[in-house]
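Structure first, then comments.
Residue numbers (the working numbering): 211 to 338.
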């Protein structure tokens, strides 16, 4: 690979945003397209607010082996779905692909109609 981003640097806006030793934070990074591999490993250097540097560069442990002291972060890659992330993320209000959102909506409407009907019947009986 001869083109692309090879380094990402995050710098806090101020002391209140700095990461202290023993703490961590999460960072969102948008990328694409990704190579056709099962995982990507990112060697990372982390400089804490007190100047301590931790080198998260150890290769991931083989199955059954102890985890290294400073493993490099590894991202597991899975094949993309035909629907894309927008259509499969229930947190975003999308259907999860098996029709459960549509079924839930239909059942909710039926429940409201039945409840309204029962209320109407009870009001008519009360008047009689």
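Yeah, the Cβ is synthetic: ideal placement off N, Cα and C, and Gly gets one too. For clarity, every value in this text was computed on a predicted model and none was experimentally measured.
N-terminal and C-terminal residue of the beta strand (DSSP E) that residue 286 is part of: For residue 286, the uninterrupted beta strand (DSSP E) run begins and ends at 284 to 286, by DSSP.
Integer-rounded CB distance, given that residue 282 should sit under 8 angstroms from residue 266: That pair is a contact at about 6 angstroms.
Rounded distance between the beta-carbons of residue 249 and residue 284, thought under 8 angstroms: A Cβ-Cβ distance of about 5 angstroms is found for the pair residue 284 and residue 249, placing them in contact under the 8 angstroms criterion.
Under 9 angstroms between C-beta atoms of residue 269 and residue 251: Yes, the Cβ-Cβ distance between residue 269 and residue 251 is below 9 angstroms.
First through last residue of the beta strand (DSSP E) which encompasses residue 249: Segment 249 to 251, the beta strand (DSSP E) holding residue 249.
Residue 275 vs residue 264 beta-carbon contact at 9 angstroms: No, the Cβ-Cβ distance between residue 275 and residue 264 is not below 9 angstroms.
Reduced DSSP secondary structure (H/G/I, E/B, other) of residue 313: Helix, per DSSP.
Straight-line Cα distance separating residue 311 from residue 317: Straight-line Cα distance between these residues: approximately 10 angstroms.
DSSP state of residue 334 mapped onto helix, strand, coil: DSSP places residue 334 in helix when its eight states are reduced to three.
Sequence-distant residues of the same chain with beta carbon closer than 8 angstroms to residue 231, five excluded per side: 258, 259, 260, 262.
Host beta strand (DSSP E) of residue 255 (start-end): For residue 255, the uninterrupted beta strand (DSSP E) run begins and ends at 254 to 257, by DSSP.
Extent of the continuous beta strand (DSSP E) run through residue 265: 263 to 266 is the extent of the beta strand (DSSP E) around residue 265.
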